[in-house]
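Using this note's numbering, read the sequence shown as starting at 8 and increasing by one per residue.
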Amino acid sequence: MTHTPTPRRRALIRRAIGVVAAAAVAALITACGGGGSAPALPPLHDPTGPESMFTSAAEITNPATAGATIATLKSLGVDRVHVPLYWATLAPDAASPHKPSFDATDPAAYPASAWAAYDSVVRQLKASGMGIDMTLSPPPPRWAEGPGAPHPAVQIDWAWRPSAAEFGQFVRAVATRYSGHYVPPGASKPLPRVDFWSIWNEPDLGIHMAPEAIDHSTVEVAPRYYRAFVDAAWSAFGATGHGHDTVLIGELAPAGVRYGNGPGNFNSMPPLQFLRALYCVDKNYQPLRGQAATARGCPATAAGSARFAADHPGLFHASGVADHPYPQGLAPNQVTPGEPDYAELAATGNLEKILDRLQRIYGSTTKLPIWSTEFGYQTTPPDTEAGTVSPQTAAYYINWAEYLTWLDPRQRSYDQYLLTDPSNNSFATGLLTAAGAPKPGLDAYRMPLFLPVTTTQKGHPLDVWGCVRPAPDAAKATHRPQSVEIQFSTGGSAPFRTVEHVPITNRHGYFEVRHTFPGSGDVRLTWSYPHGPEIHSRTVVITLR
8 MTHTPTPRRR ALIRRAIGVV AAAAVAALIT ACGGGGSAPA LPPLHDPTGP ESMFTSAAEI
68 TNPATAGATI ATLKSLGVDR VHVPLYWATL APDAASPHKP SFDATDPAAY PASAWAAYDS
128 VVRQLKASGM GIDMTLSPPP PRWAEGPGAP HPAVQIDWAW RPSAAEFGQF VRAVATRYSG
188 HYVPPGASKP LPRVDFWSIW NEPDLGIHMA PEAIDHSTVE VAPRYYRAFV DAAWSAFGAT
248 GHGHDTVLIG ELAPAGVRYG NGPGNFNSMP PLQFLRALYC VDKNYQPLRG QAATARGCPA
308 TAAGSARFAA DHPGLFHASG VADHPYPQGL APNQVTPGEP DYAELAATGN LEKILDRLQR
368 IYGSTTKLPI WSTEFGYQTT PPDTEAGTVS PQTAAYYINW AEYLTWLDPR QRSYDQYLLT
428 DPSNNSFATG LLTAAGAPKP GLDAYRMPLF LPVTTTQKGH PLDVWGCVRP APDAAKATHR
488 PQSVEIQFST GGSAPFRTVE HVPITNRHGY FEVRHTFPGS GDVRLTWSYP HGPEIHSRTV
548 VITLR
């Protein structure tokens, strides 16, 4: 059930980004201060902060590794695990172009062996106290696809004109099984309830929802298929007792292709272009009319637009929009130059504005929250693709990225993808190498540390932001309050000493304090697991002048 990013997917994303050595935009955060005067510190904040979400790969659905993976994620303090549930993995005769005779809404009509790994994960996550984001994911079975696929020999890896009606029946089966009341054949008690869902994965990427665009890429059609998928899933959730669950739409890839033949069949579409077509507006945010509307499955008249929100409730009442805001090697505060329709992390504010604008067009005041459900930096070594960064830079960047996410209360999650690098050294965003050795990102993820300003005058404080991700679980387990030590060293071989104890009272482990350090040197965080090892954050160098 491994569906880690394929070489083709990575190539598409790389083409979309262009692997540009981007010039820095006006920095939101500076890494060092100026010369003669102490730099201004940002105001102190006290948000609850995003929950930590973790996206693992086959490790979590492989019975041989699932238990150890879940235990590791629990030790890291993860709040919720993003688990893709692959339609073709569950569907009977998935490789056949002819649908077998079975009731696709009945979970018992699917092979019991196909459910086993997912049932186990749902039970184990429930027992661990971690939440689950179950993502109803491609590929579909071939019998649920439309005719005319250009490459039928490999069509099983794609989603060619997938049927929303068949998808809706599949969602009913899944939602029924994980309703909290369903007792599988041969079992004595019901499976745990799942109440957090995502609809599909990266529908703006052609291998997941094709064709993306037709007529020389001038007509976006993948948004039409995805709109129908959201409608079908929304109806299925309502019919199976999940009408009040958390349901995310989007799961957007952050980039897309404009040059050459553009998105075409299997390339990628810039996510904001995808959203405009999804909500049936043109590039000027005017409702589509006439043939332009009809070709995209949109209402062609003003009367039809007036019914649009009622006809597609999932687009207006979803719990949020899931984004995969990979910066693709750029610093977390940099956008890709010349690409206003991208949705990498630094462009999240623009994504929020566009979503609000799309809602207002139809008279809605909904402000959909943003959920990050895939994020990370590819590292070299071992990944040799362009746009990767060193493991040390990745550790720094993921802490910076989480800080920026924390500053925005509309961003509800901060995601890490993956736990372990793939064995082929591709898309190496893991916290561990393929051999299981810790990368610098492991310490950075488990206990983030970021100083928005690292250079100031002597006698002036610096802002210290961080998170002890496992601390809230430790406090619950021991019924004892937790605190973290801020430690300082003058550098070189000088030992670290504790300069401040900070109570951890935030439910996700976050804190922010101001501290006046005695001089230049190194700063780190230290915390100890109850009855376990002492752990440290990455080290940050500060300069006092």
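Just so it is clear, CB atoms sit at the ideal spot from N, CA and C, and this is done for glycine as well.
Bear in mind the structure is a predicted one, so any value in this text is a computation, not a measurement.
Status (buried if at least 16 other CB within 10 Å, exposed otherwise) for Q293: Exposed, by the Cβ-count rule.
Specify the secondary structure class of T72 as computed by DSSP and reduced to three states. coil
Within 10 angstroms of the Cβ of F607, are there 16 or more other Cβ atoms? Answer buried if so, exposed if not. Only positions 8 to 552 of the chain appear in this structure, which leaves residue 607 out of reach.
Quick check: the Cα distance between I214 and V548, rounded to an integer number of angstroms? 44 angstroms
Are the CB atoms of Q423 and T436 within a distance shorter than 9 angstroms? In this structure, Q423 lies closer than 9 angstroms to T436 by Cβ.
Since G304 contacts T395 with CB under 8 angstroms, what's their CB separation in whole angstroms? About 39 angstroms separates the two Cβ atoms, so there is no contact after all.
Who does V190 pair with in a DSSP beta bridge? In the DSSP output, where bridge partners are listed per residue, V190 has none listed.
Cα-Cα separation between T463 and G526, rounded to whole angstroms: Between T463 and G526, the C-alpha separation is close to 10 angstroms.
Assess contact between the region 210–224 and the region 252–266, defined as three or more Cβ pairs (one per stretch) separated by less than 8 angstroms. Is contact present? With a cut-off of 8 angstroms, the region 252–266 and the region 210–224 count as touching, because enough Cβ pairs lie within range.
Could you compute how far the alpha carbon of A102 sits from the alpha carbon of W165? Computed Cα separation, rounded: 12 angstroms.
Just to confirm, is the Cβ distance from A235 to A310 under 9 angstroms? no
So the beta strand (DSSP E) H508 belongs to, where does it begin and stop? R504 to I511
Alpha-carbon spacing of G136 relative to I206, whole angstroms: 23 angstroms
Please go through the region 76–122 and give each complete beta strand (DSSP E) segment of 3 or more residues, from N-terminal end onward. 87–93
Going by DSSP, name the residue or residues bridged to P445. L439
Can you tell me whether DSSP reads H324 as helix, strand or coil? helix
Given a cut-off of 9 angstroms on the beta-carbon distance, is the pair I405 and Y286 in contact? At least 9 angstroms separates the beta-carbon of I405 from that of Y286.
Judging by CA-CA distance, which residue of G297, T183 and P199 is the nearest neighbour of S242? T183
Euclidean distance between Cα positions of Y333 and W378: One Cα belongs to Y333, the other to W378, and the distance between them is close to 13 angstroms.
Excluding the 5 residues flanking G56 on each side, which residues of the same chain have their C-beta closer than 6 angstroms to its C-beta? Excluding the 5 residues flanking it on each side, G56 has same chain C-beta neighbours closer than 6 angstroms at W413, H515 and Y517, in chain order.
For A34, collect the residues of the same chain with a Cβ closer than 7 angstroms to its Cβ; drop the 5 residues on either side in sequence, then sort them by chain order. With a pLDDT of only 38 at A34, under 50, the local geometry of the prediction cannot be trusted, and no value is derived from it.
Where are the beta strand (DSSP E) runs, 3 residues long or more, that stay fully inside the region 195–255, in chain order? 203–206
Can you confirm whether the region 271–280 touches the region 344–362 when touching is taken to mean that 3 or more C-beta pairs between the two stretches lie within less than 8 angstroms? yes
Looking only at DSSP bridge pairs, what is L259 linked to? D330, per the DSSP bridge assignment.
Can you check whether the CB of L456 is closer than 9 angstroms to the CB of S397? no
Based on Cα-Cα distance, which residue from R552, V520 and V475 lies nearest to W534? V475
Can you tell me whether DSSP reads R179 as helix, strand or coil? helix
What does DSSP give as the partner residues of M276 in its beta bridges? Answer by DSSP bridge pairing: none, since M276 is not bridged.
Below 7 angstroms CB to CB, which residues in the same chain sit around P537 once its five sequence neighbours on both sides are set aside? So the list reads A481, A484 and T485, once near-sequence residues are dropped.
Name the one or two DSSP bridge partners that M141 has. V90 and W204.
Tell me which residues share the same chain as E58 and place their Cβ nearer than 7 angstroms to its Cβ, disregarding the 5 neighbours each side in the sequence. D86, R87, R419, S420 and H515
Boundaries (first-last residue) of the alpha helix (DSSP H) holding I542: Unbroken run through I542 is the beta strand (DSSP E), E541 to H543; no alpha helix (DSSP H).
Tell me, which residues are paired with G528 by DSSP? I549
The alpha helix (DSSP H) that contains I67, what's its start and end? Per DSSP, I67 belongs to no alpha helix (DSSP H) and is neither H nor E.
Hey, quick one: how far does the alpha helix (DSSP H) through T355 stretch, first residue to last? T355 to I368
Could you tell me the alpha carbon to alpha carbon distance between D470 and Y452, rounded to whole angstroms? 19 angstroms
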